[in-house]
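For the sequence shown, numbering that gives the first Met the number 0 assigns the number 0 to the initial residue and increments by one for each residue that follows.
Where is the CB? At the ideal position from N, CA and C, for every residue including glycine.
To keep things clear, I will list the structure first and then write my remarks on it.
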Amino acid sequence: MSVKIHELAVVEKGAELDEDVVIGPFSYIGREVKIGKGTVVKQGAVIEGKTTIGENCTIYSATIGVPPQDLKYKGEPSEVVIGNRTVIREYVTIHRGTEGGGMVTEVGDDCLIMAYSHIAHDCKLGNHVILANVATLAGHVKVDDYAIIGGMTGVHQFVRIGKHVMIGGASAVGRDVPPFTVAIGNRAKLEGINIIGLKRRGFKRETIRALTTAFEMLFKTDKPLKVAIEKVREEFGDIPEIEEMLRFMESSKRGICTA
Numbered sequence: 000m001s002v003k004i005h006e007l008a009v010v011e012k013g014a015e016l017d018e019d020v021v022i023g024p025f026s027y028i029g030r031e032v033k034i035g036k037g038t039v040v041k042q043g044a045v046i047e048g049k050t051t052i053g054e055n056c057t058i059y060s061a062t063i064g065v066p067p068q069d070l071k072y073k074g075e076p077s078e079v080v081i082g083n084r085t086v087i088r089e090y091v092t093i094h095r096g097t098e099g100g101g102m103v104t105e106v107g108d109d110c111l112i113m114a115y116s117h118i119a120h121d122c123k124l125g126n127h128v129i130l131a132n133v134a135t136l137a138g139h140v141k142v143d144d145y146a147i148i149g150g151m152t153g154v155h156q157f158v159r160i161g162k163h164v165m166i167g168g169a170s171a172v173g174r175d176v177p178p179f180t181v182a183i184g185n186r187a188k189l190e191g192i193n194i195i196g197l198k199r200r201g202f203k204r205e206t207i208r209a210l211t212t213a214f215e216m217l218f219k220t221d222k223p224l225k226v227a228i229e230k231v232r233e234e235f236g237d238i239p240e241i242e243e244m245l246r247f248m249e250s251s252k253r254g255i256c257t258a
C-alpha cells in the first residue's frame, strides 16, 4: 500500500484508506470513514461520521458526513455514500441521512459538485450529475442521472429532478421536473425539451423530435394533465424515453412544474 498522509493531517484510528489514497494537510478524517483506491483529499477537508467514498475521487476543502440540519435527528448512525470518480470542490457540504429518509445520503459516480453547493440529508444523486456553484438541495431531494442544476439554484425538499434535466441558474424549484426537460425561474417553469443536452449525449434525432411533440401535447393544451398523458401514451407509448417521462409524472407527489 502507498497511502500518503501529510504530517499536518489528522486521520483518526479506525479510518480505512485504500491504496494510493492521498490526504492533504489540515484535513480531518474520522474513525468511521472509508476511502477507496486512488482518491485524493486536498487540504482542509473535513470528512467524518459513517462516510464511504469510492475510488479515484478528488475532494477539495469540503465538509462531508457531518450531522444533518434536521431537528428530528437524534444521533442515529446514518451515513453518506459517494461513488467513484466524483469531484467535490471547495466548501461543499454533504450531510448524513436521517431515520425518516432511509438513513443514507448518496452521491453517484462521475459527478461534479462545484464550490459552495449543499447536499442535505437523505438526498439521492445519480451518476454524471453536475451541481454548479452554490446549488442548494434541501432534504430528501432526488436527482437522476446526467441532470445539471445551475448555479445559485435552490431545490425544495422532496423534489425530484429527472434524467437529463437542465435547470437554469438562480432558479427556485418547488415541484418535480420531468426527465429530458429544461426548467428555469422563480418558481421554476418548464421551457421545453433539453435538446442541446440530448444531442450532446447521442440521442437520436427521431427521439428528440418525439419528446418535443410529446412536451407540446402535455403542456401546451387546455386538457387536464391526466387526459394529456393518456393521449401521449397512445401515440408515443412505444418510445422508452417518453414512457419514462410519463411514469415520472404519474408518480409525482409534489406535482409537476408548469410550463
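Item: Within the continuous beta strand (DSSP E) that includes residue 103, where are the two ends?; Value: 103 to 106
Item: Out of 54, 66, 36, which one is the CA nearest neighbour of residue 46?; Value: 66
Item: So, residue 149 versus residue 171, is the Cβ gap smaller than 8 Å?; Value: no
Item: From which residue to which residue does the alpha helix (DSSP H) around residue 259 run?; Value: The structure shown does not extend to residue 259, since the chain spans only 0 to 258, so no value can be given for it.
Item: Taking C-alpha atoms, which residue in 176, 38, 9 lies nearest to residue 246?; Value: 176
Item: Could you name the residues of the same chain whose beta carbon sits closer than 6 Å to that of residue 138, not counting the 5 residues immediately before and after it, in chain order?; Value: 119, 120, 121, 156
Item: Thinking C-beta only, is residue 43 closer than 8 Å to residue 26?; Value: yes
Item: With the cut-off set at 8 Å, would you say residue 79 and residue 57 are in Cβ contact?; Value: no
Item: Check residue 165 in the structure and name its three-state DSSP category.; Value: strand
Item: Please report the straight-line C-alpha distance between residue 178 and residue 243, rounded to a whole angstrom.; Value: 8 Å
Item: Taking the beta strand (DSSP E) that residue 187 falls in, what are its first and last residues?; Value: 187 to 192
Item: Please state the DSSP three-state secondary structure of residue 49.; Value: strand
Item: Excluding the 5 residues flanking residue 210 on each side, which residues of the same chain have their C-beta closer than 7 Å to its C-beta?; Value: 179, 192, 240, 241
Item: Whole beta strand (DSSP E) runs in the segment 109 to 169 with 3 or more residues, listed along the chain?; Value: none
Item: Return the chain-ordered list of same chain residues with a C-beta closer than 7 Å to the C-beta of residue 236, the five sequence neighbours on each side being excluded.; Value: 242
Item: DSSP beta-bridge partners for residue 175?; Value: 255
Item: Grouping DSSP H, G and I as helix and E and B as strand, with all else coil, what is residue 182?; Value: strand
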